[in-house]
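Residue numbers (our numbering): 3 to 74.
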């Protein structure tokens with residue numbers, strides 16, 4: 003799957019790669035969670051940055067949540 007995407011990706015490519023909406027990609031970029039470059043009026047993303055973001059995201063999902071112990 004990773005081979006079909008170019009090294010420089012548009013917002014639609016990133017959304018398809020991460021399996022999220024374009025609006026969510028825009029929110030991630032503007033929040034600083036996903037690196038991008040602004041060219042003219044478009045946001046472009048490096049494939050390596052998108053892959054790094056995806057790995058961080060998947061690692062957070064895999065970590066078990068800490069449970070609070072209720073004291074009586």
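Just so you know, even glycine gets a beta-carbon here, dropped at the ideal spot from N, CA and C.
Where residue i sits in the DSSP three-state scheme
i	result
residue 44	strand
residue 62	helix
residue 53	helix
Residue from the options with nearest C-alpha to residue i
i	options	result
residue 44	28, 74, 61, 23	28
residue 54	66, 32, 13, 37	37
residue 8	52, 65, 61, 34	52
Per-residue burial, residue i [other beta carbons within 10 Å of its own, 16 or more giving buried]
i	result
residue 26	exposed
residue 63	exposed
residue 30	buried
Segment limits, alpha helix (DSSP H) that includes residue i
i	result
residue 22	Unbroken run through residue 22: none, as it is neither H nor E.
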